[in-house]
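Enquirer: Have a look at this one before I ask anything.
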Amino acid sequence: MSNITTAPFTYESLSQLTMKEGVLELQVGPAHAGSGHMRILVWVEGDTVVKVDPDIGFVHRGVEKLSEDRLYVKAIPIVERPNLVDTVNANLGYIIALEKLLGLEAPPRAQYIRVITAEISRIISHLYGIAIYGIFMGSSTVFMWALADREPFIDIMEELTGARLTYSHIIPGGVRWDLPKDFGERLEVALKYLEGRVSDYEKIWMNNPVVRARAEGVGILSGAKATELGVVGPNLRASGVKCDVRKCAPYSVYSDFDFDVPTFKEGDSYARLLIRVEEIKQSISILRQALKNIPEGKIIYEDYYKRMTPLMKSIYDEKGRVKFTSLLTSLSPPKGQSFSRVEGGRGEIFFYLISDGTKNPYRFRVVTPSFRNLPYFTHVMPGHKLADVPVIYGSIDYFPPEADRR
Amino acid sequence: MLAETPHAQKLGLALGGSASVTEDQKAGLIEVRVEPKFLMDVSKKLKELGFDHCVSVTAVDYPRENYMDVIWHVSSYSNEELGNKLVSLTVRISRDEPRVGSLVGVWESSLFSERETHEMFGVEFEGHPDLRPLLLPEELLGKWPLRKDFILPKRRSDLFRKGGAQP
Amino acid sequence: MSILYFIPAQWLPLIESGFYALIFPGFVTILLLAFFIIWFERKAAARVQMRYGPLWVSRKTGGLIQLLADMIRFSFQEFIVPEGVDFLPFIFLPGFLLAFAVLPTIFIPIGPDYARIFPSSYTLLLASAFTLVIPIYLIVVGWAADNKFSFIGALREGYLLISYEVPYLLVIASAFLLYRTLDLVKIVNIQAASVPGIILNPVAAIVYLLVVIRSTGRVPYDIVEADSELIFGPYTEYSSLMFGFVMGVPYIELYGYSLLFATLFLGGWIPLTGAGFVGGLIIPGIVTFVKAVLVMCLLVFLRAVYPRYKLDKAIKTGWTWVLYLAFVSLLISAFVSYLI
Amino acid sequence: MVQEEGSVYFGNLDEIAKKAGQFIKKNRLASKVINWGYTYSLWPAYLVTACCGTELAAASGPRFDLERLGFLSYGNPRQSNIVLIDGTLTIKMAKVVRTVWEQMPEPKWVIAMGACVLDGGIFWNSYSTVLARDILPVDIYVPGCPPRPEALARGIMMLKEKIKKGEKSLNQPTSISENKEMREVGNVG
Chain A
8 MSNITTAPFT
18 YESLSQLTMK
28 EGVLELQVGP
38 AHAGSGHMRI
48 LVWVEGDTVV
58 KVDPDIGFVH
68 RGVEKLSEDR
78 LYVKAIPIVE
88 RPNLVDTVNA
98 NLGYIIALEK
108 LLGLEAPPRA
118 QYIRVITAEI
128 SRIISHLYGI
138 AIYGIFMGSS
148 TVFMWALADR
158 EPFIDIMEEL
168 TGARLTYSHI
178 IPGGVRWDLP
188 KDFGERLEVA
198 LKYLEGRVSD
208 YEKIWMNNPV
218 VRARAEGVGI
228 LSGAKATELG
238 VVGPNLRASG
248 VKCDVRKCAP
258 YSVYSDFDFD
268 VPTFKEGDSY
278 ARLLIRVEEI
288 KQSISILRQA
298 LKNIPEGKII
308 YEDYYKRMTP
318 LMKSIYDEKG
328 RVKFTSLLTS
338 LSPPKGQSFS
348 RVEGGRGEIF
358 FYLISDGTKN
368 PYRFRVVTPS
378 FRNLPYFTHV
388 MPGHKLADVP
398 VIYGSIDYFP
408 PEADRR
Chain B
663 MLAETPHAQK
673 LGLALGGSAS
683 VTEDQKAGLI
693 EVRVEPKFLM
703 DVSKKLKELG
713 FDHCVSVTAV
723 DYPRENYMDV
733 IWHVSSYSNE
743 ELGNKLVSLT
753 VRISRDEPRV
763 GSLVGVWESS
773 LFSERETHEM
783 FGVEFEGHPD
793 LRPLLLPEEL
803 LGKWPLRKDF
813 ILPKRRSDLF
823 RKGGAQP
Chain C
33 MSILYFIPAQ
43 WLPLIESGFY
53 ALIFPGFVTI
63 LLLAFFIIWF
73 ERKAAARVQM
83 RYGPLWVSRK
93 TGGLIQLLAD
103 MIRFSFQEFI
113 VPEGVDFLPF
123 IFLPGFLLAF
133 AVLPTIFIPI
143 GPDYARIFPS
153 SYTLLLASAF
163 TLVIPIYLIV
173 VGWAADNKFS
183 FIGALREGYL
193 LISYEVPYLL
203 VIASAFLLYR
213 TLDLVKIVNI
223 QAASVPGIIL
233 NPVAAIVYLL
243 VVIRSTGRVP
253 YDIVEADSEL
263 IFGPYTEYSS
273 LMFGFVMGVP
283 YIELYGYSLL
293 FATLFLGGWI
303 PLTGAGFVGG
313 LIIPGIVTFV
323 KAVLVMCLLV
333 FLRAVYPRYK
343 LDKAIKTGWT
353 WVLYLAFVSL
363 LISAFVSYLI
Chain D
94 MVQEEGSVYF
104 GNLDEIAKKA
114 GQFIKKNRLA
124 SKVINWGYTY
134 SLWPAYLVTA
144 CCGTELAAAS
154 GPRFDLERLG
164 FLSYGNPRQS
174 NIVLIDGTLT
184 IKMAKVVRTV
194 WEQMPEPKWV
204 IAMGACVLDG
214 GIFWNSYSTV
224 LARDILPVDI
234 YVPGCPPRPE
244 ALARGIMMLK
254 EKIKKGEKSL
264 NQPTSISENK
274 EMREVGNVG
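Set out below in structure tokens:
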């Protein structure tokens with residue numbers, strides 16, 4: 008199937024296409040088992056897709072506008088909601104941008120805790136992506152397995168933060184809770200379990216002849232084209248472009264860790280599946296290193312600790328818990344701008360903040376990976392068969408609420 | 663904080679006199695400010711230098727001063743040295759007639775972001791191939807929600823016009 | 033025998049064939065079996081997926097009557113006839129589908145004494161002929177529903193029908209070549225004298241199973257229904273009881289195919305044999321029935337393992353490998369029948 | 094008596110259906126059996142409106158396994174009987190939800206999941222969201238942001254109780270084209 012030639016993408020008017028004889032317009036979604044929260048307009052000629060037009064915005068809730076209307080701290084939950092599968096990385100990206108504005112840096116222990124939670128979140132996100140890929144290809148077993156394997160990690164995060172998905176764990180200057188005592192052992196058990204399961208996936212899913220027949224050679228995006236279209240994350244690396252923000256522009260304490268950036272040169276749907284599994288393996292290794300090397304110390308910025316009330320200080324010393332101080336709710340960074348780039352589960356999350364010296368951000372800009380992966384619909388899908396549409400869709404791990412967030 | 667650092671100087675030399683290049687050291691951001699008429703040339707030069715993809719297109723609204731900043735954030739995948747840099751290419755345009763050239767011809771990755779900026783701010787991207795609305799429903803078209811004069815309700819009671827929150 | 037005493041002797045064959053068609057292995061058994069097999073499918077898949085599957089509806093039996101609840105719900109839901117459908121085909125075809133799915137079972141003997149009920153020496157031909165009618169109705173259903181997804185589903189059915197019908201007919205031909213008769217009772221008797229057909233010609237059995245998976249829409253060949261692409265293809269617009277019908281059709285079809293498989297390749301009622309209605313039909317019939325149900329369970333279980341195959345590749349496979357295998361099975365049949 | 098077109102084949106279908114409906118309503122045993130069938134066969138249409146969909150997926154996953162309760166996510170509104178609004182309703186999505194609701198055969202129910210559809214949640218002053226009660230007659234609200242799968246399971250159990258008692262939702266919003274309030278949502282600025 009390597010001889011698929013991607014039809015050149017042209018912006019001919021839609022009416023012309025629908026008038027053409029033999030071309031059928033299909034509206035896939037939003038109430039469709041293979042669409043998620045978006046509408047994909049697909050024009051097919053025979054069984055071949057001629058043109059695809061993603062119609063997004065069904066989950067557009069105005070995250071940017073709402074964040075400009077809220078206090079800096081109150082924007083954290085709003086930032087988390089669109090990336091509900093991968094909340095920690097979104098949270099982390101926003102906080103890094105905010106800390107740059109404020110001109111402070113979290114202590115090392117807090118940074119390590121951030122990395123640990125971010126990597127757990129990446130594992131959760133990748134497993135969710137594999138699950139969605141499975142159900143789009145018609146295999147409910149992989150959907151169920153991947154969802155089941157998320158649960159141990161959700162449990163661990165729940166023990167740490169008290170919520171299943173929306174943790175709001177990272178705050179300006181540090182994190183809200185210190186790790187519980189037996190956190191390391193519990194995480195190790197979960198990691199061992201996951202390692203065993205990954206080999207199970209390879210047996211039943213990755214080496215399944217039907218999966219290979221459907222995914223290999225489908226939805227090829229070359230490295231050069233991927234660069235031009237600006238796609239991000241595992242999808243980009245599956246096309247052979249070695250760019251991981253954790254490596255090329257390290258943030259937090261990622262420069263302390265020794266890990267690989269897996270790449271595949273095929274750039275097809277199958278490579279995009281494999282790369283997620285490889286990244287899970289890398290995340291496991293990062294988590295082990297982090298657990299081994301985590302330093303002792305404070306989990307909140309020194310200056311903020313000093314300015315805590317005695318009651319809060321006592322709570323912090325006893326339970327390792329940062330109570331929300333009035334300090335955090337009245338943050339007003341100096342005038343200026345800042346940005347952050349974070350490698351989330353689906354790719355690079357970009358935050359851009361402009362402060363005018365008040366308590367609300369003047370301009371709050373977030374670009375999420377799914378939004379930047381939209382060219383997969385317009386550029387990769389045409390030229391394939393109709394049955395390949397859900398395969399490509401599933402392989403790019405597209406999460407509509409994330410793309411529509413603004 | 664805005665300073666003529668070595669990076670900025672190098673970039674300024676490469677871009678020629680049509681752009682003013684500064685580096686916001688605190689943010690780690692290289693700012694390139696251009697006049698609208700030089701936008702195309704500068705963007706092409708940036709692409710030649712290796713900034714091969716556009717991360718985001720956005721606008722910042724300043725209603726009191728009556729102008730808008732349209733910002734392209736660009737970075738690089740192919741050049742590892744440039745990979746950890748982020749360049750913001752800023753154009754200041756009038757708020758009454760927000761028109762600016764589209765850079766889809768230079769960075770194809772800015773296609774969807776420009777569509778979005780158009781519907782959120784009303785910025786007209788000249789030469790954009792496809793400026794249909796992307797995210798907003800029909801009811802909100804032409805209201806430019808992200809402009810600063812689009813004000814959200816401040817109190818919850820404003821929302822319940824009919825009174826009584828329960829069905 | 034005391035009850036039979038009061039019944040006129042000339043009625044007995046009628047009652048026998050009525051029992052055969054309506055109770056066992058006919059209509060009632062088929063309905064119960066459809067309930068069971070759908071439950072088994074959901075339950076087996078759930079087992080693989082580390083879940084319970086349907087349970088709370090009757091916890092002691094493990095949710096066995098889940099389908100009863102679904103059926104009651106379907107029966108009393110509103111039946112929507114969308115604007116723009118072809119009214120008569122849309123209304124009547126689910127019934128036809130159901131009827132034609134049940135019909136093949138009438139021609140398939142489940143016991144040695146079957147010739148009394150349906151004296152014909154062309155039962156193999158009749159059974160396979162009636163099983164092959166259903167896809168045509170499916171195509172009509174997809175056309176009548178006036179929905180693009182239904183239409184595409186119907187087209188897919190058409191493509192697949194043609195590409196897999198040829199291997200199917202070749203397999204039937206190779207069975208004919210192997211046993212040199214079209215009478216299924218004789219076919220089983222030949223197997224009783226030698227060995228079951230699956231040993232005589234394993235290639236034919238494999239091709240047969242492939243075709244069954246395709247034409248009943250089992251995973252990985254659920255290309256026509258394809259819920260994440262076509263949202264159940266030809267059935268998209270059906271609601272309430274009509275959907276209950278069309279949902280049950282593939283399972284009933286599967287039953288017919290499995291019975292045929294049991295008689296053609298698994299030796300039918302071997303090792304039991306006998307005469308009379310009970311001894312020659314019902315008791316050996318249970319053996320055939322169990323064999324058929326096992327085949328069904330195997331085919332239904334594939335859902336837990338495979339994702340969906342792709343249309344063009346399925347057609348390509350149908351015209352290449354499956355067809356080659358079918359020809360090979362023809363050669364093997366010729367060779368084996370020369371030996372025995 | 095003039096025969097209407099179509100009644101040639103079927104007799105007077107409407108009359109028959111009416112009589113059957115009345116019989117079922119009067120007959121307590123029949124209505125009990127039917128309601129039993131409904132309670133164990135709740136199939137939501139495959140419609141995800143926002144981010145609570147991830148928790149819906151987790152709820153149908155192995156750990157919580159809502160299929161135990163006879164709750165099976167199904168592809169198509171024509172064959173399902175629940176609209177499960179999982180998460181924020183935007184104006185754009187609300188139209189779709191209403192369409193899906195109108196495509197569904199009677200009887201049908203609505204479960205609204207998440208704080209956003211209940212009273213707005215953290216998106217309460219967003220410019221593009223609406224509340225579920227303006228769109229559909231909601232039977233059960235499942236609060237939470239996002240609600241835990243257990244909460245969803247409890248919502249389903251409550252819906253079962255409601256079906257057994259034969260209760261209907263009190264809120265009957267008009268169809269979307271007549272819903273003025275929704276049209277005005279964009280005008281808050």
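Chains as they are written, first to last, in the working numbering: chain A, 8 to 413; chain B, 663 to 829; chain C, 33 to 372; chain D, 94 to 282. Ideal Cβ positions, reconstructed from N, Cα and C, are used throughout, including at glycine.
1) How many Å lie between GLY259/D and ASN128/D at the Cα?
2) So ILE184/D contacts chain B; which residues on that side make the cut at Cβ distance below 9 Å?
3) Can you find a C-beta in chain D that's less than 8 Å from the C-beta of TYR84/C?
4) Is ARG212/C helix, strand or coil when you go by DSSP?
5) Select from LEU298/C, VAL198/C, SER182/C and VAL278/C the residue whose C-alpha is nearest the C-alpha of ALA224/C.
6) Looking at the secondary structure, which residues open and close the alpha helix (DSSP H) in which ALA245/A lies?
7) Considering only C-alpha positions, which residue in the set ILE123/A, ALA410/A, LYS305/A and ARG253/A is nearest to ILE163/A?
8) Please state the DSSP three-state secondary structure of MET730/B.
9) Just to confirm the assignment, what range does the beta strand (DSSP E) spanning ALA685/B have?
10) With a threshold of 8 Å, are at least 3 pairs of Cβ atoms found where one atom belongs to the stretch 373 to 387 of chain A and the other to the stretch 31 to 38 of chain A?
11) Would you call ILE137/A buried or exposed, if buried means 16 or more other Cβ atoms sit within 10 Å of its Cβ?
12) Between the stretch 90 to 99 of chain A and the stretch 173 to 182 of chain A, are three or more C-beta pairs nearer than 8 Å?
13) Pull up the distance between the alpha-carbon of LEU281/A and that of ILE139/A, whole angstroms please.
14) Counting contacts by CB-CB distance shorter than 8 Å, is GLY99/D in contact with chain B?
15) Does chain A have any CB closer than 8 Å to the CB of VAL193/D?
16) How is MET82/C classed by DSSP in three states: helix, strand or coil?
17) List the DSSP bridge partners of ALA629/B.
18) By a C-beta neighbour count over all protein chains shown, 10 Å radius and 16 as the cutoff for buried, is VAL278/D buried or exposed?
19) Going by DSSP, what residues sit across from MET45/A in a beta bridge?
20) Going along the chain, which residues of the stretch 391 to 409 of chain A sit with their C-beta nearer than 8 Å to a C-beta in chain C?
21) Taking one C-beta from the stretch 118 to 134 of chain C and one from the stretch 219 to 234 of chain D each time, how about it: are there three or more such pairs within less than 8 Å?
22) Out of GLY237/A, ARG219/A, ARG283/A and VAL268/A, point me to the one whose CA is closest to GLU770/B's CA.
23) Measuring straight from C-alpha to C-alpha, what distance separates ALA177/C and VAL134/C?
24) Within the same chain, show all residues whose beta-carbon is closer than 6 Å to that of ALA153/A, passing over the 5 residues directly before and after it, in chain order.
25) Applying the 10 Å Cβ sphere with the 16-neighbour rule, what's the burial state of TRP353/C?
26) Kindly indicate the opening and closing residues of the alpha helix (DSSP H) around SER116/D.
27) How long is the line joining the alpha carbons of ARG129/A and GLU158/A, rounded to whole angstroms?
28) Mind checking if PRO815/B is an interface residue toward chain D, Cβ cutoff 8 Å exclusive?
29) Output yes or no for whether 8 Å exceeds the beta carbon distance between ILE171/C and ALA186/C.
30) Check this for me: beta carbons of VAL235/C and TRP301/C, under 8 Å apart or not?
31) What whole-angstrom Cβ distance do LYS72/A and SER347/A have, given they're in contact under 8 Å?
32) Over the uninterrupted beta strand (DSSP E) stretch that includes ILE215/D, give me the two end residues.
33) If distances are taken between C-alpha atoms only, which option among GLY674/B, LYS699/B and GLY712/B comes closest to ILE692/B?
34) Please name the residue or residues paired with MET206/D in a DSSP beta bridge.
35) Going straight from the alpha carbon of ARG219/A to that of MET144/A, what length do you get?
36) Just to confirm, are TYR267/C and VAL278/C a CB contact at a threshold of 8 Å?
Expert: The answer reads as follows:
1) 8 Å
2) Here the neighbours are LEU798, PRO799, GLU800, GLU801 and LEU802.
3) yes
4) coil
5) LEU298/C
6) 240 to 245
7) Minimum Cα distance to ILE163/A is reached at ILE123/A.
8) In this structure, MET730/B counts as strand in the three-state DSSP scheme.
9) Looking at the sequence provided, one finds Glu at residue 685/B rather than Ala. Where GLU685/B is concerned, the enclosing beta strand (DSSP E) stretches over 681 to 686.
10) no
11) buried
12) yes
13) 14 Å
14) Note that GLY99/D has pLDDT 49, beneath the 50 cutoff, so the model's placement of it is unreliable and no number is given.
15) yes
16) MET82/C falls in the coil class under three-state DSSP.
17) In the structure as shown, chain B begins at 663 and stops at 829. Residue 629/B is therefore absent and cannot be evaluated.
18) With a pLDDT of 45 at VAL278/D, under the threshold of 50, the modelled position of that residue is not reliable, and the figure given next carries that caveat. Buried.
19) Per the DSSP secondary-structure output, MET45/A pairs with nothing in a beta bridge.
20) Going along the stretch 391 to 409 of chain A in chain order, one finds LYS392, LEU393, ALA394, ASP395, VAL396 and PRO397 with a Cβ nearer than 8 Å to chain C.
21) Contact between the stretch 118 to 134 of chain C and the stretch 219 to 234 of chain D is absent, with fewer than three C-beta pairs closer than 8 Å.
22) GLY237/A
23) 23 Å
24) LEU134, ILE137 and ALA138
25) exposed
26) For the sequence presented, residue 116/D should be read as Phe rather than Ser. Start and end: 106 to 119.
27) 13 Å
28) Yes, PRO815/B counts as interfacial toward chain D.
29) yes
30) no
31) Their Cβ separation, rounded to whole angstroms, is 20 Å, which puts LYS72/A and SER347/A out of contact at 8 Å.
32) Premise fails: ILE215/D is in no beta strand (DSSP E) and is neither H nor E.
33) GLY674/B
34) ASP179/D and VAL235/D
35) 11 Å
36) The Cβ-Cβ distance between TYR267/C and VAL278/C falls below 8 Å.
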